[in-house]
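Only one structure is covered here, and it is reproduced in the block below.
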Amino acid sequence: MTHPNPIQTTVAFVQSTLANAEAGHDWWHTYRVWHNAQQIAQSEAVNPVLVELGALLHDIADAKFHEGDEEIGPRIAQQFLEKQRVDAPIIEHVVNIVRHISFKGGNFQQAFRSPELAVVQDADRLDALGAIGIARTFHYGGFRNRPLYDPNVPPNLNMSREEYKRSQAPTINHFYEKLLLLKDRMNTETGKQLAEERHQFMEQFLTQFYQEWNLNR
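Everything in the sequence shown is counted per my numbering, starting at 223 for the first residue and increasing by one.
Below, the structure is given as structure tokens:
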């Protein structure tokens, strides 16, 4: 018998799976994205079950922590949902959300689109913005032992997808190569409105950062 709404089972699975994950991509990241998605979905014509499952499973196995394997997340999501006896069309849609949600860098063209993906993608991008986005960015930079900033290494705004994936640039560069681009890539009106304040906060942070940096030169 098909489980009509396996949200709580999925919550437990994600909490367990991400128990020891890097802090920028752990359960609490998923939790925030899940709640962002629920908020955005209130203003959109979407299937809420697809939105919630997509949000909960969107980072179940991020490729950058699995030797670049971009199919490991979709594969784990599919296997989990099949065990929960979720209807095949729902599984297919959720797996497509997981497969296509991430920012790829370069001139990547998204091959799958749906209103539910648009909501979950906006929810995930919101968590890359603002105070939490800044905290996550520097945490990941430290996790990868990257320098905070190097004035001699300018941001590369014309990277290919592969160059983006391999980049070891200073953490500050990531603001220009991804984070500051997200506001104009939001899909929904609610997402755009929520992104605006967070975007402005990041710009204020960068202004302060350079002021403090230059005092020490």
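All C-beta atoms in this analysis are idealised placements derived from N, C-alpha and C, irrespective of residue type, glycine included.
7 Å CB neighbourhood of VAL342 in its chain, flanking five on each side removed: Sequence index remark: in the sequence shown, residue 342 carries index 120 (1-based). Contacts found: ALA259, VAL273, GLY276, ALA277, HIS280, ILE319, ILE323.
Integer Cβ distance of PRO337 from VAL268, believed to fall under 8 Å: Taking the sequence shown and counting its residues from 1, one reaches residue 337 at position 115. Taking the sequence shown and counting its residues from 1, one reaches residue 268 at position 46. Their Cβ separation, rounded to whole angstroms, is 5 Å, which keeps PRO337 and VAL268 in contact under 8 Å.
Just to confirm, are PRO392 and LEU428 a CB contact at a threshold of 8 Å? Stepping through the sequence shown from its first residue, residue 392 is reached at position 170. Stepping through the sequence shown from its first residue, residue 428 is reached at position 206. Going by C-beta atoms, PRO392 is not nearer than 8 Å to LEU428.
Which term fits LYS400, buried or exposed, when burial requires 16 or more other beta carbons within 10 angstroms of its beta carbon? Along the sequence shown, read from residue 1 onward, the residue named residue 400 stands at position 178. Buried, because 16 or more other Cβ atoms sit within 10 Å of the Cβ of LYS400.
Residue range of the unbroken alpha helix (DSSP H) whose run includes LEU279: Position 57 of the sequence shown, counted from the first residue, corresponds to residue 279. Residues 270–279.
May I ask you to verify whether the region 344–363 touches the region 243–259, counting CB pairs closer than 8 Å and requiring at least 3? yes
Residue burial classification, TRP256 (beta-carbon count within 10 angstroms, cutoff 16): Numbered from its first residue, the sequence shown carries residue 256 at position 34. Buried is the call here.
Let me check understanding here. Comparing Cα to Cα, which of LEU402, GLN301, LEU437 lies closest to GLU425? As a first step, residue 425 is located in the sequence shown; it is residue number 203 there, counting from the start. Comparing Cα-Cα distances from GLU425 to each of LEU402, GLN301, LEU437, the minimum goes to LEU402.
Can you name the start and end residues of the alpha helix (DSSP H) that ASP344 belongs to? Along the sequence shown, one-based indexing puts residue 344 at 122. Its alpha helix (DSSP H) spans residues 337–348.
Residue from PRO228, HIS421, LEU416 whose Cα sits closest to the Cα of ASP309: For the purposes of this step, residue 309 is taken as residue 87 along the sequence shown, with counting starting at 1. ASP309 has its Cα closest to that of PRO228, out of PRO228, HIS421, LEU416.
Unbroken stretches of the alpha helix (DSSP H), 4 residues or longer, contained in the region 351–412: 352–365, 383–388, 393–399
Can you give me the Cβ contacts of HIS396 inside the same chain, cut-off strictly under 7 Å, excluding the 5 residues immediately before and after it? In the sequence shown, residue 396 corresponds to position 174, counting from 1. Excluding residues within five positions, the ones whose Cβ falls inside 7 Å are THR359.
Residue range of the unbroken alpha helix (DSSP H) whose run includes PRO296: As a position in the sequence shown, residue 296 is number 74, starting the count at 1. 294–305 is the span of the alpha helix (DSSP H), which, as asked, contains PRO296.
Where GLU425 sits in the DSSP three-state scheme: Here residue 425 refers to the residue found at position 203 of the sequence shown. Reduced to three states, the DSSP call for GLU425 is helix.
Can you tell me the Cα-Cα spacing of THR412 and VAL236, whole angstroms? Numbered from its first residue, the sequence shown carries residue 412 at position 190. Numbered from its first residue, the sequence shown carries residue 236 at position 14. The straight-line gap from Cα to Cα measures roughly 26 Å.
Can you tell me where the alpha helix (DSSP H) holding GLU314 begins and where it ends? Indexing the sequence shown from 1 puts residue 314 at position 92. It spans 310–322 - the alpha helix (DSSP H) in which GLU314 sits, taken as one unbroken run.
State the DSSP-derived secondary structure class of PHE334, mapped to helix, strand or coil. Walking along the sequence shown from the start, residue 334 turns up at place 112. Correct three-state label for PHE334: coil.
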